[in-house]
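Novice:
Number of protein chains: 2
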Amino acid sequence: MAGSFPLPVFDNKSPLYEQLYRHIAGAIQSGMLSPGVKLPSKRRLCALAGVSMSTVETAYSLLAAEGYVLAKPRSGYICAHLLPAAPAVPAAVPEAVPAAPSQWVCDCSTSAVDTSVFPFSSWARITKEAVYENPGLLQRGHPQGDRPLRTALSELLAQYRGVRCSPEQVVVGAGADYLLSLLLQLLPEQRAVALEDPGYPAAYATAARHGRSAIPIPVDCEGMDPEALAASGAGLAYVTPSHQFPLGVTMPAGRRSRLLHWAASVPGRFLIEDDYDSEFRWSSRPIPAMQGLDRGGRVVYMGTFSRSIAPAIRVAYMILPPELLARYQCAFSHGACTVSRFEQESLRRFVTQGLYGRHLRRTGNLYRKKCALFTQALSAIPGASITGAEAGLHFLLTLPRFSETELVERAAAQSVRVHPLSRYCHAVSPRPSTVVLGFAGLSEQKLAQAAGLLAEAWA
Amino acid sequence: MAGSFPLPVFDNKSPLYEQLYRHIAGAIQSGMLSPGVKLPSKRRLCALAGVSMSTVETAYSLLAAEGYVLAKPRSGYICAHLLPAAPAVPAAVPEAVPAAPSQWVCDCSTSAVDTSVFPFSSWARITKEAVYENPGLLQRGHPQGDRPLRTALSELLAQYRGVRCSPEQVVVGAGADYLLSLLLQLLPEQRAVALEDPGYPAAYATAARHGRSAIPIPVDCEGMDPEALAASGAGLAYVTPSHQFPLGVTMPAGRRSRLLHWAASVPGRFLIEDDYDSEFRWSSRPIPAMQGLDRGGRVVYMGTFSRSIAPAIRVAYMILPPELLARYQCAFSHGACTVSRFEQESLRRFVTQGLYGRHLRRTGNLYRKKCALFTQALSAIPGASITGAEAGLHFLLTLPRFSETELVERAAAQSVRVHPLSRYCHAVSPRPSTVVLGFAGLSEQKLAQAAGLLAEAWA
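Quick mapping for you: the protein sequence lines, in order, are chains X and F.
Its first residue numbered 172, the first sequence is counted upward by one per residue in my numbering.
Its first residue numbered 172, the second sequence is counted upward by one per residue in my numbering.
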């Protein structure tokens, strides 16, 4: 047998014993070496393979430890009986060709932010301090997020957004989509979720992934339609009242009150208030959060630093009303918070040292200027009308002489990327001839260029 | 009317206009000011409240913007009709008394790690560089995690664990529990999940939160029982073959092969290989991952840096077989990766600069020493037997002369915290008189002290 023993061709990519071990294990797995077959003695294999005794010994003991071979006292190593492997299919996915760099001269993305004013040196300093000064942060933290950050957030939200909560109610997590997923796990009885139509695609996707039916509810000029909501039969509704995505409308107090009333009028109903874009309001003071008006414990408030700091900072938070907090504490007591504790501590320092407020003021001024510049330039296009630009980092443009497809394609021909409104519509028909334009990620120069190219495209 | 107009008592906690606005909004909301009632003129309110005209103007325009009042040309402001608010319940949860500092002299936790050798200065340097040198990382990244990190991980796993994959198959996420949740969302047809019994409590909790039935499958001295698995009817099984939690057994090749065969023999079956504690093996070389032996694309490989670096580093990864990768790319194309891009880049540098390998060697030597020290000291307790200490950061101790409860309570009386094995058991009866002991988070001195206290407790 030893004469026909399959020997490996060694390369220098990994230790010899490992190559030898893999080769023999593969031969046993493939059936080339049958169960019961005796392996060559260690000394004989040294000679056959031209390797040292320690290489063979290590390979053999590895094979024995894993059960490929059985060590029989005084008679050497015998191949073990393994079940046949399944038919081979390629396990590795071929490498995709790396994506070509963006072909867009201007990308009017709605998720980009301006990173030119990001306080890199403060952030780097804070991050470093957070690591150095808190060795204890290496161990496991509180599943809801560390208490100092939760305290800072509850104070921030009380001051800026009129949210009323204690740090106990705050749950920190890695992004708004994650928190929505977590919330759906807490609400198994809610088989249907009312979502804004047009609305945020990720909310539809998250509902579907949790096996819920997403019920699209039309959005009018004040936000989600309360009558359609009441008629939908859903017990859970998700709204973006500060700056509806994508229509850009702000929900007035009357509508807020009607939605709160909907939630409070039947036990077990909940409203998810995603306070998207609340940090940026151009025409008047921000409207306080619905959560602060909720007297029945029916509102889950959600927010994120993705837009107010940067998409890369994966920190979002939600405020659970007491009933859901109790459920959370039962269901998630085993879990760990999904945000690194160093990053939690960095963010806490950023907020409590006043750097976050300063950053919001700087970016707010910058975005206000950008919004004015871009809307003014685009308004000059004959027939164009702009809506939803009173707040936030995107708006709508309607130009009736072209279809939506024509608007998008003509812009693309000028290398400007704009999003069709229909992309965000589910059951409703989109307002015709309308596109969604984000401006935060483009410099003022780029915005002027984009406006010029769009004026040409849509002439 | 103006005479009976409710005036606020001002404090200096927030701007006057905001206090005025809140006060009037509250009065409208509560019904104290009825719909149709005319508010005092701006000038009159200035005089009544003793505030400036700009304060009143700001408050009124805020009330109008939010729909609390209607501005009637030439006749001033009229209260709007709002639906009555729901009956009041306390919205804020009272602050809990802060938890008392741990009463344990020694906590034999299974999740703690040794942070004394954490390379703080390297990590701080890398973190700072990652921020400074990569401003582009502020924008949104790839949903699966940034490609350079995925490439580094696939190379690391190929080298250390025999995993065969391309960077395309890697999904980075904020912790193993999060990735398990994500995986269940990709597998809606799997209504039942086979889990190890005894086993990892968070896996049971995650399955339940996704509405799946968790089917406990007994673990014997080689790992999950393949016959019980086959009989369970489940199409999805979760195993920890490197160092089963909590029994500490390592699955030999024969058992691995049987489980792979189970997965491959019926279309649609999948095995989740959580390669828990694979970084730490004391008695022989680590056994390569099952994923590397899988020819049918039936294994999802999972790993985390929670134990090899620290629980605070919320970075885990999974390798999806092609079929699930295709599903993932459909279902999660809208999402963002749950790990901060700065942290991804820090980790990539930590791995590719050789710091991770060095850290593993340092902690490995330290843990090996600790494991030897603690098991040796405890073996001296008459009647005590130790199992599962060939790998990983915890083991079992059995001492037949006491019941499990007695072992735990007698240890607690000496201020030593140990976990009862029954805590991790579902349908099986736990091995009697057995506790689970973690040692990684305790210093050598503390381990000696713990062993001494336990010897007294269990005398």
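For every residue, glycine included, the Cβ atom is placed at its ideal position computed from N, Cα and C.
1. Nearest CA to the CA of Ser212(X): which residue from Gly247(X), Phe476(X) and Arg469(X)?
2. Is Leu491(F) near the ligand COA, judged by its Cβ being under 7 Å from some heavy atom?
3. Interface residues of chain F around Gly425(X) at Cβ under 7 Å?
4. Whole alpha helix (DSSP H) runs in the region 344–411 of chain X with 4 or more residues, listed along the chain?
5. Starting from Lys540(X), follow the alpha helix (DSSP H) in both directions and report where the run begins and ends.
6. Are Gln620(F) and Cys279(F) touching if we call contact CB-CB under 8 Å?
7. What are the residues that DSSP puts in a beta bridge with Thr298(X)?
8. Would you verify that the beta carbon of Gly506(F) is, or is not, closer than 8 Å to some beta carbon of chain X?
9. Sort out for me which residues DSSP pairs Met489(X) with in a bridge.
10. Got a sec? Which residues, its chain only, sit under 7 Å from Ala584(F) by beta carbon, not counting five neighbours each side?
11. Quick one: list the residues of chain X neighbouring Ile159(F), beta-carbon separation under 7 Å, in chain order.
12. Counting along the chain, where does the alpha helix (DSSP H) carrying His432(F) start and finish?
13. Listed from N- to C-terminal order along the chain, which residues in the region 294–311 of chain X have their beta-carbon within a distance smaller than 7 Å of any beta-carbon of chain F?
14. Closer than 8 Å, CB to CB, is Leu327(F) near chain X or not?
15. Starting from the beta carbon of Glu514(F), find every residue of chain X whose beta carbon is closer than 7 Å, and list them in chain order.
16. Starting from the C-beta of Ala598(X), find all residues in its chain whose C-beta is less than 7 Å away, skip the five residues before and the five after it, and write them out in chain order.
17. Just checking: is the beta-carbon of Arg380(F) within a distance shorter than 8 Å of some beta-carbon in chain X?
18. Would a check of beta-carbon distances place Pro319(X) closer than 8 Å to chain F?
19. Name, in chain order, the residues that DSSP records as bridge partners for Ala242(F).
20. Does Tyr409(X) come within less than 8 Å of chain F when only Cβ atoms are used?
21. Where do the N-terminal and C-terminal ends of the beta strand (DSSP E) with Ser556(X) fall, by residue?
22. Quick one: is Tyr488(F) near chain X, going by C-beta distance under 8 Å?
23. For His194(X), report the span of its beta strand (DSSP E) as first-last.
24. May I ask you to report which of helix, strand or coil DSSP gives Pro591(F)?
25. Of the residues Leu350(F), Phe610(F), Leu618(F) and Asn183(F), which one's Cα is nearest the Cα of Thr475(F)?
26. To the nearest angstrom, how far is the alpha carbon of Ser436(X) from that of Leu219(F)?
27. Any Cβ of chain F within less than 8 Å of the Cβ of Leu464(X)?
28. Express the C-alpha separation of Gln356(X) and Arg321(X) in angstroms, rounding to a whole number.
29. Relative to the C-alpha of Glu494(F), which residue among Leu544(F), Leu358(F) and Tyr538(F) is closest?
30. Tell me which same chain residues have a C-beta within less than 7 Å of the C-beta of Leu324(X), skipping the five on either side of it?
31. Which residues bound the beta strand (DSSP E) around Leu567(X)?
32. Take Arg245(F) and list the residues in its own chain whose beta-carbon comes closer than 7 Å to its own, dropping the five residues that flank it on each side.
33. Would Gly346(F) pass as an interface residue toward chain X - the criterion being a Cβ-Cβ separation below 8 Å?
34. Among Gly563(X), Asp285(X), Ile552(X) and Asp391(X), which has the Cα closest to the Cα of Arg572(X)?
35. So which of Glu514(X), Gly506(X), Phe503(X) and Pro397(X) has the shortest CA-CA distance to Pro423(X)?
36. Can you tell me which of the three DSSP states Ala262(F) falls into?
Specialist: Put simply:
1. Across the set Gly247(X), Phe476(X) and Arg469(X), the C-alpha of Gly247(X) shows the shortest separation from the C-alpha of Ser212(X).
2. For the ligand COA, the structure offers nothing, since it holds no ligand at all.
3. Gly238, Ala251 and Leu253, listed in chain order.
4. Whole alpha helix (DSSP H) segments, 4+ residues: 347–357, 372–380 and 397–403.
5. In the DSSP annotation of this structure, the continuous segment of the alpha helix (DSSP H) that includes Lys540(X) starts and ends at Leu526 to Ser550.
6. With respect to the 8 Å criterion, Gln620(F) and Cys279(F) are not classified as neighbours on the basis of their beta carbons.
7. Paired residues: none, contrary to the question.
8. At least one beta carbon of chain X lies nearer than 8 Å to the beta carbon of Gly506(F).
9. Note: Met489(X) sits in a beta bridge opposite Val342(X) and Met473(X).
10. Cβ within range, chain order: Ala628.
11. Nothing about residue 159(F) can be read from this structure; chain F reaches only from 172 to 630.
12. That run of the alpha helix (DSSP H) goes Ala424 to Ser436.
13. For the region 294–311 of chain X, which is checked against every Cβ of chain F, the residues closer than 7 Å are Trp294, Ala295, Thr298, Lys299, Val302, Tyr303, Pro306, Leu308, Leu309, Gln310 and Arg311.
14. No, Leu327(F) lies away from the interface with chain X (no Cβ there is under 8 Å from its Cβ).
15. Simply Ser511 and Glu514.
16. Exclusion of the five residues before and after Ala598(X) leaves Asp368 and Pro387 as the residues of its chain whose Cβ lies within less than 7 Å of its Cβ.
17. Chain X, which has a Cβ nearer than 8 Å to the Cβ of Arg380(F), makes this yes.
18. Among the residues facing chain F, Pro319(X) is not included, as its CB has no counterpart in that chain under 8 Å away.
19. When beta bridges are read from the DSSP output, Ala242(F) appears opposite Tyr248(F).
20. False, the Cβ-Cβ gap to chain F never drops below 8 Å.
21. From DSSP, the beta strand (DSSP E) with Ser556(X) extends over Ser556 to Thr558.
22. The Cβ of Tyr488(F) sits no closer than 8 Å to any Cβ of chain X.
23. Where His194(X) is concerned, there is no enclosing beta strand (DSSP E), although the alpha helix (DSSP H) it sits in stretches over Leu187 to Ser201.
24. Under the three-state reduction of DSSP, Pro591(F) is assigned to strand.
25. Minimum Cα distance to Thr475(F) is reached at Leu350(F).
26. Straight-line Cα distance between these residues: approximately 38 Å.
27. Taking Cβ atoms only, chain F reaches closer than 8 Å to Leu464(X), which makes this a yes.
28. Cα-Cα distance, rounded: 22 Å.
29. Ranking Leu544(F), Leu358(F) and Tyr538(F) by Cα distance to Glu494(F) puts Leu358(F) first.
30. Only Val341 and Tyr488 meet the Cβ criterion.
31. Under the DSSP assignment, Leu567(X) falls in the beta strand (DSSP E) whose first and last residues are His565 to Thr569.
32. Hits under 7 Å: none found.
33. Answer yes: the Cβ-Cβ gap between Gly346(F) and chain X drops below 8 Å somewhere.
34. Residue Ile552(X) is the option with its Cα nearest to Arg572(X).
35. Taking the Cα of Pro423(X) as reference, the smallest distance to any Cα among Glu514(X), Gly506(X), Phe503(X) and Pro397(X) is reached at Pro397(X).
36. Low confidence applies here, because Ala262(F) scores a pLDDT of 39, under 50, leaving its location unreliable; read the following figure in that light. The answer is coil: DSSP assigns Ala262(F) none of H, G, I, E or B.
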